[in-house]
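When the letters of the sequence shown are read in order and numbered with the working numbering, they come out as residues 786 to 905.
Just so it is clear, CB atoms sit at the ideal spot from N, CA and C, and this is done for glycine as well.
In this text, all values refer to a predicted model and were calculated from it rather than measured experimentally.
Encoded as structure tokens, the structure appears first; notes follow it.
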Amino acid sequence: MRSHILSLRADGETELYGAIIESVEMMEELEEENRIRAIVVLSDGEQNSDSGLSLRDATTAIETSYNDLNPIIVIPVAYGDPNPDLLRVLDRIAAASNTTRQSGDPSNIQKVLEIISSYF
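Next up, the structure:
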């Protein structure tokens, strides 16, 4: 997984919903009960790709995984200058795994990491 993450590059075509679904599926394959299973999503909340996937598809994937004994939690961190509609997207993603959207920028990354660690 580490090599996959290191190979990722931003190209302006955000596939937010597909990335969440794929991340949940990858975490489900691990099935290790003694590990914390969390996904931190850094996003402005915008889906820039026309993959046919919806916010509902992403939240369903999260909610389905949450029924496990060791749930996968998703913590969205809003970056950039998202408008209120995009913040609501990140709020719905957070609500699907009983977390809260965080707001981040380079100056508060330490605080955001401390908040994220409070989920564990």
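Query	Result
CA nearest to the CA of Leu811, picked from Glu831, Gly837 and Ser850	The question names Leu, but residue 811 is Met in the sequence shown. Nearest option by C-alpha distance: Ser850.
Where Ser850 falls: helix, strand or coil (DSSP)	helix
Contacting residues, own chain, Cβ-Cβ under 6 Å from Gly803 (five flanking each side not counted)	Ser836 and Leu838
Arg820, enclosing beta strand (DSSP E) - first and last residue	Arg820 -> no beta strand (DSSP E), and no H or E assigned at all.
Three-way DSSP call (helix, strand, coil) for Gln895 in this model	helix
Straight-line Cα distance separating Thr799 from Leu871	13 Å
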